[in-house]
Amino acid sequence: MSTIVMDDKLQAIQEKVKNGERLTIEDGLTLYETPDLLTVAQLANQVNEQKNGDNVYFIENMYINPTNVCEASCAFCGFKRKPGEEGAYTMHEEELLEYVQKRWNDNIREFHIVGGHNTDVPFDYYLNTIRTLKKHYPQCAIKAYTGAEIEFFARHAGISMREVLEQLVEAGLDTLPGGGAEILTENYRAKMSPDKASTDQWLEAHEIAHDLGMKTHATMLYGSIESKEERLIHMDRLRQLQDKTNGFMVFIPLAMQPRKASAGLKRRTSAYDDLRTVAISRLMLDNFDHIKAYWINIGVQLTQMSLAFGSSDIHGTLIEERISHSVGALTSQSLTRSELVHLIKGAGKTPVERDTFYNVIKSY
Numbered sequence: 302m303s304t305i306v307m308d309d310k311l312q313a314i315q316e317k318v319k320n321g322e323r324l325t326i327e328d329g330l331t332l333y334e335t336p337d338l339l340t341v342a343q344l345a346n347q348v349n350e351q352k353n354g355d356n357v358y359f360i361e362n363m364y365i366n367p368t369n370v371c372e373a374s375c376a377f378c379g380f381k382r383k384p385g386e387e388g389a390y391t392m393h394e395e396e397l398l399e400y401v402q403k404r405w406n407d408n409i410r411e412f413h414i415v416g417g418h419n420t421d422v423p424f425d426y427y428l429n430t431i432r433t434l435k436k437h438y439p440q441c442a443i444k445a446y447t448g449a450e451i452e453f454f455a456r457h458a459g460i461s462m463r464e465v466l467e468q469l470v471e472a473g474l475d476t477l478p479g480g481g482a483e484i485l486t487e488n489y490r491a492k493m494s495p496d497k498a499s500t501d502q503w504l505e506a507h508e509i510a511h512d513l514g515m516k517t518h519a520t521m522l523y524g525s526i527e528s529k530e531e532r533l534i535h536m537d538r539l540r541q542l543q544d545k546t547n548g549f550m551v552f553i554p555l556a557m558q559p560r561k562a563s564a565g566l567k568r569r570t571s572a573y574d575d576l577r578t579v580a581i582s583r584l585m586l587d588n589f590d591h592i593k594a595y596w597i598n599i600g601v602q603l604t605q606m607s608l609a610f611g612s613s614d615i616h617g618t619l620i621e622e623r624i625s626h627s628v629g630a631l632t633s634q635s636l637t638r639s640e641l642v643h644l645i646k647g648a649g650k651t652p653v654e655r656d657t658f659y660n661v662i663k664s665y
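Everything in the sequence shown is counted per our numbering, starting at 302 for the first residue and increasing by one.
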């Protein structure tokens with residue numbers, strides 16, 4: 302069935318999508334500017350169905366933040382604490398194992414680990430976190446440490462990013478999460494995350510990981526000071542690295558959360574922007590298999606809607622998410638497997654429980 306195109310500007314883009322041609326940044330701007338959101342959704346949905354059919358993936362995972370002590374001063378962060386500040390913590394081996402044991406169930410397949418850039422502990426602390434979890438839970442994949450953390454470890458330990466990653470892999474690291482990317486332009490990073498990895502350093506960390514045989518994740522934190530063009534430049538930079546390495550499994554657009562739960566709604570992204578960004582991500586990132594809708598940021602109902610806008614993954618159970626909630630995410634901190642299945646089935650799709658690397662565990 303052919304798509305009915307209401308906006309004339311979308312005709313050329315529709316032809317490109319139909320013929321499998323790569324969209325340009327200018328095409329992306331047209332998609333952001335058109336009032337015809339439903340046609341954008343239809344195009345993204347067609348691309349997703351070609352790649353994934355009606356399958357929608359999720360995972361049972363546990364989120365762990367071993368330390369919130371951080372040297373960086375990112376404008377959007379409510380999670381970090383300075384050394385000695387009230388609420389600052391660093392989990393050592395016993396505390397880490399106690400934290401996991403309290404939240405453990407036998408269906409969990411992945412630890413998702415992100416923390417602060419803590420200069421009060423040596424690099425070996427971060428290695429030992431992985432060794433400890435791998436020793437006690439060998440059946441779980443370890444998704445740990447963002448590209449920005451990899452750059453921090455290299456600087457902190459006085460070794461190269463390649464050496465950092467080689468040591469982490471030896472300790473049991475399976476994949477890198479996508480965080481720390483924020484927006485991959487230096488204009489944005491100078492204002493919002495000046496103490497963290499540069500655009501090139503973040504991309505380099507993932508390129509090295511891919512070279513070591515790792516498959517990794519990519520994110521984009523949108524909804525603050527960046528322009529629509531910067532979002533598209535971000536996608537294009539990821540797309541270029543993917544052309545080179547084919548090492549990314551999934552792209553996750555993350556909606557910016559306000560600093561406080563009581564902040565005005567005007568500081569949150571709109572439903573239109575969230576759904577449009579999911580759809581444009583699907584259309585721009587032609588060499589990525591999956592676009593993930595992150596229910597923690599946009600809520601379960603918009604996540605369900607995103608399944609008609611090109612998304613093929615709704616993340617996981619999480620057990621207890623802290624970082625987005627520390628800046629005012631209004632969603633719950635976890636969902637059960639049955640809630641995720643219900644969400645996907647309600648959108649007329651097939652729920653597929655997966656492992657970290659998109660191997661199917663069970664279709665529902």
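From the three backbone atoms N, C-alpha and C, an ideal C-beta is built for every residue, glycine too. Quick caveat: nothing in here was measured; it's all calculated off a predicted structure.
Quiz item: If you count every other CB in all the chains shown that lies within 10 Å of the CB of Thr290, and 16 or more means buried, which is it?
Solution: Past the boundaries of the shown model lies residue 290; the chain is included only from 302 to 665, so the question cannot be answered.
Quiz item: Taking all protein chains shown into account, do 16 or more other C-beta atoms lie within 10 angstroms of the C-beta of Gln502, making it buried, or fewer, making it exposed?
Solution: So Gln502 counts as buried.
Quiz item: Apart from the five residues on each side of it in sequence, which residues of its chain come closer than 8 angstroms, Cβ to Cβ, to Lys650?
Solution: Once the five neighbours on either side are set aside, the close Cβ partners of Lys650 are Asp355, Asn356, Val357 and Leu608.
Quiz item: According to DSSP, is Gly617 helix, strand or coil?
Solution: DSSP, read as helix, strand or coil, puts Gly617 in strand.
Exercise. Identify whether Lys663 lies in helix, strand or coil by the three-state DSSP scheme.
Key: For Lys663, the three-state secondary structure derived from DSSP is strand.
Quiz prompt | Contacts around Ala472, its chain only, beta-carbon distance under 6 angstroms, and the 5 residues preceding and following it disregarded | solution = Here Ala472 has Leu428, Ile431 and Arg432 as same chain residues with Cβ atoms under 6 angstroms from its own Cβ, once five neighbours each way along the sequence are excluded.
Quiz prompt | Three-state class that DSSP yields for Ile581 in the structure shown | solution = The three-state reading of DSSP puts Ile581 in helix, counting H, G and I together.
Practice problem: Give me whichever residues DSSP pairs with Tyr333 in a beta bridge. | Solution: According to DSSP, which records beta bridges pairwise, Tyr333 is partnered with nothing at all.
Quiz item: Between the C-alpha atoms of Ala648 and Leu641, what's the straight-line distance to the nearest angstrom?
Solution: Looking at the two C-alpha atoms, the distance is approximately 11 angstroms.
Quiz item: So, are the CB atoms of Arg410 and Glu361 less than 8 angstroms apart?
Solution: The answer is yes: Cβ separation under 8 angstroms.
Quiz prompt | Straight-line Cα distance separating Ile662 from Ala491 | solution = Using only the alpha carbons, I get a separation of about 42 angstroms.
Quiz item: In whole angstroms, what is the alpha-carbon distance linking Val579 and Val318?
Solution: Their backbone Cα atoms lie some 16 angstroms apart in a straight line.
Quiz item: Apart from the five residues on each side of it in sequence, which residues of its chain come closer than 7 angstroms, Cβ to Cβ, to Leu339?
Solution: Within the same chain, no Cβ atom closer than 7 angstroms to the Cβ of Leu339 is found once the five residues on either side in sequence are excluded.
Exercise. Please name the residue in Ile451, Gly611 and Ala572 whose C-alpha comes closest to that of Leu584.
Key: Of the candidates Ile451, Gly611 and Ala572, the one whose C-alpha sits nearest the C-alpha of Leu584 is Gly611.
Exercise. Helix, strand or coil for His643, going by three-state DSSP, please let me know.
Key: It is helical.
Quiz item: Exposed or buried, what is Ser494 when buried is set at 16 or more other beta-carbons lying within 10 Å of its beta-carbon?
Solution: Looking at its Cβ environment, which holds 16 or more other Cβ atoms inside 10 Å, Ser494 is buried.
Quiz item: Just how far apart, CA to CA, sit Arg247 and Lys646?
Solution: The displayed coordinates of the chain run from 302 to 665. Any statement about residue 247 would go beyond what the structure contains.
Quiz item: By Cβ distance, which residues of its chain are closer than 7 angstroms to Leu324, with the 5 residues on each side in sequence left out?
Solution: Cβ within range, chain order: Ile314, Lys317, Leu584 and Met585.
Quiz item: With burial defined as no fewer than 16 other Cβ atoms inside 10 Å of the residue's Cβ, what is the status of Lys676: buried or exposed?
Solution: It is not possible to answer for residue 676, since the shown part of the chain is limited to 302 through 665.
Quiz item: Is the beta carbon of Asp574 sitting closer than 8 angstroms to the one on Gly524?
Solution: It is a contact, given that the beta carbons lie within the stated cut-off.
Practice problem: Please confirm whether Lys444 and Asp475 have their CB atoms less than 8 angstroms apart. | Solution: Cβ atoms of Lys444 and Asp475: closer than 8 angstroms.
Self-check item: CA-to-CA distance, Ile451 to Arg569, given in whole angstroms
Solution: For Arg569 and Ile451, the distance between alpha carbons rounds to 30 angstroms.
Self-check item: Per-residue burial, Thr657 [other beta carbons within 10 Å of its own, 16 or more giving buried]
Solution: Thr657 counts as buried, since at least 16 other C-beta atoms from the protein chains shown sit within 10 angstroms of its C-beta.
Quiz prompt | Span of the beta strand (DSSP E), counted from its first residue to its last, around Val551 | solution = Phe549 to Ala556 is the extent of the beta strand (DSSP E) around Val551.
Exercise. Counting only the same chain and skipping the five closest in sequence on each side, list residues whose C-beta sits under 7 angstroms from that of Ser627.
Key: Any answer about Ser627 is weak, because its pLDDT of 49 lies below 50 and its placement is not dependable; what the coordinates show is given next. Same-chain partners within the cutoff: Gly379 and Phe380.
Quiz item: Is Glu622 helix, strand or coil when you go by DSSP?
Solution: For Glu622, the predicted structure reports a pLDDT of 46, less than 50, and the residue's modelled location is therefore unreliable. The matter cannot be settled from this model.
Quiz item: So what does Ala510 bridge to, in DSSP terms?
Solution: DSSP output for Ala510 lists no bridge partner at all.
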